[in-house]
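*Asks:* As given, the protein sequences belong to chains A and B, one line each in that order.
Each position in the first sequence, counted from 1, maps to that position plus 319 in my numbering.
Each position in the second sequence, counted from 1, maps to that position plus 319 in my numbering.
Every residue gets a Cβ at the ideal spot worked out from N, C-alpha and C, and that includes glycine.
One structure follows; several queries about it will come next.
Number of protein chains: 2
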Amino acid sequence: MSANSRLTIAAHALAWIGLYQRQGHEVATSEQIAASANTNPVVIRRLLGELRGAGLVESRRGVGAGWSLARELGSMTLRDVYEAVEPGPLFAMHRATPDQECAVGFGIQPAMREIYAGVEETLRQELSRVTLEDVLRDVLAVRPGPTGEVPSGG
Amino acid sequence: MSANSRLTIAAHALAWIGLYQRQGHEVATSEQIAASANTNPVVIRRLLGELRGAGLVESRRGVGAGWSLARELGSMTLRDVYEAVEPGPLFAMHRATPDQECAVGFGIQPAMREIYAGVEETLRQELSRVTLEDVLRDVLAVRPGPTGEVPSGG
DNA sequence: GATAGTCGCAACGCTAATTGTTACGACAGC
DNA sequence: GCTGTCGTAACAATTAGCGTTGCGACTATC
């Protein structure tokens, strides 16, 4: 499907900011998050910009600037994140219009569109069952450590 | 997500073959199907080759060759087709390994892998609720016509 | 007011997947 | 043997995703 990593990186960033804030820090920089995700700060800023548009994070500019959560992690779900960073459909139609003189060519797109709409709604419902709080909990459970563990180890 | 049309085209091909066979024809050629889907016969042969590997269709070679269903449309679901033409995962992990010294970087991939596995299983279950018989019925319902209507109008 | 650190954003290159296309060998019915 | 179709390789074109650089905008601090 040529899957991309946008949902993964966005969830990573949110979990990182959330954990960092629990350690008493006000804002996290794109550079810190990028170091944790092993990517470029601009990639993080692009994704967080979309999350900001969805009301999930806020940003400050100037010296001491950075990113902070706009809501509690427990009130955000992967559905919110998915809809913020994946605007397009899951399945595409034909690149070129099928033969409208053919019964199958004529009806296939409306039929598949309706089927796909139901499937995508189910996907969204499933994503909405997982909060970012769940994600952070699962992440920290992989390598058990002290409560309030430092994201980057320092 | 950079969605592709593989599932759509594969469903189109199966519906076309199924309808064509109901009109008394034994096999359908990739050229006929390609004309209906408005694409190249090689594209159809590639997809049908994957469906053949999954046991959904059969092919004959030589003069008068072509494609036929290996099972009834009612016994195939979109899940079968999806698994035949979409081997990869729905969501990708980080392109580069995240910082393993960071608690989030260390735990994010196992955590997301498990979450994604559940989501993808839900997607498959939803796709398994739709048979290709359902698809063909929906397709023909878009433009009501006589039972046994000719796919390409001739 | 100057400085420094960070975001905002445009621009570009690289890589990979998808799709379309051509070409040609393999096969089977006539 | 001829012909029509599949089987498959090879290549081009297009697009999305991702990484990178560069620079202007903004603001806390000095």
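Under 7 angstroms between beta-carbons, which chain B residues line up against tryptophan 335(A)? List them in chain order, please.
*Replies:* Translated into the one-based positions of the first sequence, residue 335(A) becomes position 16. Val423, listed in chain order.
*Asks:* Using a Cβ cut-off of 9 angstroms, pull out every chain B residue sitting near valine 454(A), in sequence order please.
*Replies:* On the first sequence, position 135 is the one that residue 454(A) refers to. By Cβ distance, chain B contributes Ile427, Ala430, Met431 and Ile434.
*Asks:* Given 8 angstroms as the limit, is there contact between the stretch 332 to 346 of chain A and the stretch 381 to 390 of chain A, that is, 3 or more CB pairs closer than that?
*Replies:* yes
*Asks:* Under 9 angstroms, Cβ to Cβ, is there at least one residue of chain A near leucine 459(B)?
*Replies:* Within the second sequence, numbered from 1, the residue matching residue 459(B) stands at position 140. Yes, leucine 459(B) lies at the interface with chain A (some Cβ there is under 9 angstroms from its Cβ).
*Asks:* Is proline 417(A) buried or exposed, if buried means 16 or more other CB atoms sit within 10 Å of its CB?
*Replies:* Indexing the first sequence from 1 puts residue 417(A) at position 98. Burial call: buried.
*Asks:* Between arginine 414(A) and serine 355(B), is the Cβ-Cβ spacing less than 9 angstroms?
*Replies:* Numbered from 1 along the first sequence, position 95 holds the residue referred to as residue 414(A). Numbered from 1 along the second sequence, position 36 holds the residue referred to as residue 355(B). The answer is no: Cβ separation not under 9 angstroms.
*Asks:* Arginine 379(B) bridges to which residues according to DSSP?
*Replies:* Locating residue 379(B) in the second sequence gives position 60, where the first residue counts as 1. BP columns for arginine 379(B) point to Gly385(B).
*Asks:* Should leucine 370(A) be flagged as near chain B, meaning a C-beta pair shorter than 9 angstroms?
*Replies:* The sequence position of residue 370(A) within the first sequence is 51, counting from 1. No, no contact with chain B.
*Asks:* Tell me which residues share the same chain as leucine 326(B) and place their Cβ nearer than 8 angstroms to its Cβ, disregarding the 5 neighbours each side in the sequence.
*Replies:* For the purposes of this step, residue 326(B) is taken as the residue at position 7 of the second sequence. Hits under 8 angstroms: Leu397, Val400, Tyr401, Val404 and Glu405.
*Asks:* With glycine 381(A) and valine 458(B) assumed to form a contact (beta carbons below 8 angstroms), what rounded beta-carbon distance in angstroms separates them?
*Replies:* Here the question's residue 381(A) lines up with position 62 in the first sequence. Here the question's residue 458(B) lines up with position 139 in the second sequence. That pair is no contact at about 58 angstroms.
*Asks:* Grouping DSSP H, G and I as helix and E and B as strand, with all else coil, what is glycine 473(B)?
*Replies:* For the purposes of this step, residue 473(B) is taken as the residue at position 154 of the second sequence. With a pLDDT of only 36 at glycine 473(B), under the threshold of 50, the placement of this residue in the model should not be trusted; the figure read from the coordinates follows. Note: glycine 473(B) maps to coil in three-state DSSP.
*Asks:* On a Cα-Cα basis, can you pick out the residue from Gln342(B), Ser394(B), Arg341(B) and Ala334(B) that is closest to leucine 367(B)?
*Replies:* As a first step, residue 367(B) must be located in the second sequence, where it is residue number 48. Answer by Cα proximity: Ala334(B).
*Asks:* Taking its Cβ as the centre, do 16 or more other Cβ atoms sit within 10 Å of valine 449(B), making it buried, or is it exposed?
*Replies:* Here residue 449(B) refers to the residue found at position 130 of the second sequence. A residue is called buried when at least 16 other Cβ atoms come within 10 angstroms of its Cβ; valine 449(B) meets this threshold and is buried.
*Asks:* Nearest chain A C-beta to leucine 366(B) closer than 9 angstroms, yes or no?
*Replies:* Here residue 366(B) corresponds to residue number 47 of the second sequence, with the count starting at 1. Leucine 366(B) does not count as touching chain A.
*Asks:* Is the CB-CB distance between glycine 374(B) and glutamate 452(B) below 9 angstroms?
*Replies:* The residue given as residue 374(B) occupies position 55 in the second sequence. The residue given as residue 452(B) occupies position 133 in the second sequence. For glycine 374(B) and glutamate 452(B), no; Cβs fall outside 9 angstroms.
*Asks:* The alpha helix (DSSP H) with leucine 370(A) in it runs from where to where?
*Replies:* Reading the first sequence from its first residue, position 51 is the one you call residue 370(A). Counted as a single uninterrupted DSSP element, the alpha helix (DSSP H) harbouring leucine 370(A) occupies residues 360 to 372.
*Asks:* At a CB-CB cut-off below 7 angstroms, which residues of chain A make contact with threonine 348(B)?
*Replies:* Indexing the second sequence from 1 puts residue 348(B) at position 29. By Cβ distance, chain A contributes nothing, its closest Cβ being about 14 angstroms from threonine 348(B), past 7 angstroms.
*Asks:* Could you pull out every residue in the same chain whose Cβ sits closer than 6 angstroms to the Cβ of glutamate 350(A), ignoring the five residues on either side in sequence?
*Replies:* Locating residue 350(A) in the first sequence gives position 31, counting from the first residue. Pro360, listed in sequence order.
*Asks:* In chain A, which residues lie less than 7 angstroms from glutamate 405(B) when you measure between Cβ atoms?
*Replies:* By one-based count along the second sequence, residue 405(B) stands at place 86. Those are Met320, listed as they occur along chain A.
*Asks:* Below 9 angstroms between beta carbons: does that hold for methionine 320(B) and methionine 395(A)?
*Replies:* Position 1 of the second sequence, counted from the start, is the residue given in the question as residue 320(B). Position 76 of the first sequence, counted from the start, is the residue given in the question as residue 395(A). No, they are not a contact pair.
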